[in-house]
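One structure is given below, encoded as structure tokens.
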Amino acid sequence: MPKPQEQDDALDALITGGGPAGLTAAVYLARFKRRFLVVDGGSPRAAWIPKSHNIPLFGDCIPGPEILRRARAATERYGVRLLDGLVTGLRKQPGGTGFLAILEQKGSGAARQLRAKRVLLATGAVDVEPELPDLTDAVRRGLVRYCPICDGYESRDQRLAVIGHGDRGLAEAEFIALTYSDDVTLLTLGQPMELDDARRERARRQRIRIVEAPIAALEVQGDRIAAIRTGGGERYRFDVLYSALGLKYRSDLGTALGARHDPSGALVVDGHCQTTVRGLYAAGDIVRGVDQIVVGMGHAALAATHIHNRCDLPLEEEGGEVGSGRS
Ligand SMILES: Cc1cc2nc3c(=O)[nH]c(=O)nc-3n(C[C@H](O)[C@H](O)[C@H](O)COP(=O)(O)OP(=O)(O)OC[C@H]3O[C@@H](n4cnc5c(N)ncnc54)[C@H](O)[C@@H]3O)c2cc1C
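Mapping of the sequence shown onto this note's numbering: residues 722 to 1048, in sequence order.
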């Protein structure tokens, strides 16, 4: 594949983020023989997955780091160049010629500019972490989890706790109670749950216990959580904890250009995964919807194909209504 060009010679595309979504787009664009660069900050959410069971291509389950290794290897086959660094700024170029990006290569400290006709944001999201002792180790071992869609099936019929509060926390507890277990407790970590009578009654009918006391300790024995101790000294026993405190979407580059987003910061896209900014695409967790690997790969395939079909046109000449799915 031709080398990415710098400064005056605009790339066909810049892929920002080298997680499952960005790397899928890279394979597609490489196979379309496009000139592009992938810039990756090196902190993919996918690296946290202890074992993924819900990707049918890996029926025996696969750890997140292995997914990333295989995806990187797939791009290497085409000579795709990955730059370890960050895209720190993005501007639209005058005259519909595309975008000017500011890049910072890891270790160099120096910023440089690069022009690209189209940009794909695949920068993902970061989990809001609960304040728990030994959290990192507990996540890596699958004792504290973030995504019941991903691995709730493996926890079925066990004693499950959900860390969360407000509507989001209760909704996650309800989803788990409906789908996976009759033994569900919502741990609000000291936040009071202000539920109206109807909501409290619904939680009671689903047998969701609500514990509003702060958590003082997570007692782990071998490969299981032995108990949770509250500040008041009470001990609760669970097999698995799910954290439902939400995600912080890394969508700043898009929102700074005026891309539409939902209240949580996730970007709104059309059927081609184009944002409401013409020529700016998004794929993966950063897109409003279900935060899953196969979904992000689907976004990436759609976006890369549309980029390939359109990127030789000046942005204004693309026609159609941007962000509506009719472009
Ligand atoms: C514990 C856990 C378990 C999970 N289990 C599963 C599972 O079993 N199945 C499943 O489908 N999903 C699972 N998920 C969700 C899955 O990890 C995400 O859906 C997936 O990683 C999203 O891929 P992505 O490419 O959008 O983002 P990411 O994987 O987060 O990659 C984004 C990349 O963009 C980079 N980046 C960010 N900003 C910039 C910037 N400005 N410039 C350059 N690079 C940047 C980051 O450094 C990162 O490398 C799990 C998540 C967690 C936390």
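By construction, the Cβ of each residue, glycine as well, lies at the ideal position given by its N, Cα and C atoms.
All values reported here derive from a predicted model rather than from experimental measurement.
Is it right to say residue i is buried, meaning 16 or more other beta carbons lie within 10 angstroms of its own, or is it exposed?
i	result
T694	The chain is shown only over 722 to 1048; residue 694 falls outside these bounds and no answer can be derived.
E893	buried
T857	exposed
R877	exposed
L966	buried
V808	buried
A792	buried
P777	exposed
P869	buried
G739	buried
G943	exposed
P815	exposed
L1055	Residue 1055 lies beyond the range of the chain shown here (722 to 1048); nothing can be said about it.
A731	buried
A831	exposed
Q728	Its pLDDT being 43, under 50, Q728 is placed unreliably by the model, and nothing is read from it.
Roughly how far, in whole angstroms, is the beta-carbon of residue i from the beta-carbon of residue j, given that I think they are within contact range, below 8 Å?
i	j	result
F820	A837	5 Å
H1029	R755	6 Å
I936	L1023	Contact flag wrong, Cβ pair sits at about 42 Å.
Less than 8 Å separating the beta-carbons of residue i and residue j?
i	j	result
S972	I1014	no
G871	S964	Before going further, note that residue 871 is Cys rather than Gly in the sequence given. Contact flag unset, no.
A1021	Y799	no
G863	I897	no
R790	A846	no
V883	V905	yes
L962	V849	no
R1005	A742	In the sequence on display, residue 1005 carries Gly and not Arg. Closer than 8 Å, so yes.
L907	G885	yes
A934	L891	no
L968	T737	no
A1025	A746	yes
G780	I770	no
L735	L835	yes
Could you name the residues of the same chain whose beta carbon sits closer than 6 Å to that of residue i, not counting the 5 residues immediately before and after it, in chain order?
i	result
L1036	G817, R999, G1000
D918	none
F753	H1029
D733	R755, R756, F757, K838, C1032
E915	none
R833	L824
V1016	none
R930	T906
Y867	D848, S964
H1027	H993
E922	none
R950	A937, A938, R956
Y970	A846, G986, A987, I1007
I783	S773
T976	H982
A948	E940, R956, R958
Ignore the nearest five residues each way along the sequence and tell me which others in residue i's own chain have a CB closer than 8 Å to its CB.
i	result
A980	S972, L988, V989, T996, T997, V998, L1001, A1003
G887	Q912, M914
S902	S876, R877, D878, Q879, R880, L881
V1011	I870
R945	L864, D960
Considering only residues of the same chain and omitting the five flanking positions on each side of residue i, which have a CB-CB separation below 7 Å?
i	result
K813	F820, L978
R1009	D983, A987, L988, V989
R926	none
P851	I884, L910, S964, L966
M1018	P741, A742, T745
N775	C871
Inset, instruction - Count the C-beta pairs between the stretch 813 to 828 and the stretch 988 to 996 that are closer than 8 Å, then say yes if the count reaches three, no if not. - result: Because the criterion of three Cβ pairs below 8 Å is not met, the stretch 813 to 828 and the stretch 988 to 996 do not touch.
Legend entry - Cβ contact (3+ pairs, closer than 8 Å) linking the stretch 801 to 808 and the stretch 752 to 764: Contact between the stretch 801 to 808 and the stretch 752 to 764 is present, because at least three Cβ pairs lie under 8 Å.
Inset, instruction - Could you say if the stretch 944 to 958 and the stretch 838 to 852 meet the contact criterion of at least three C-beta pairs nearer than 8 Å? - result: Result no; under three Cβ-Cβ pairs closer than 8 Å.
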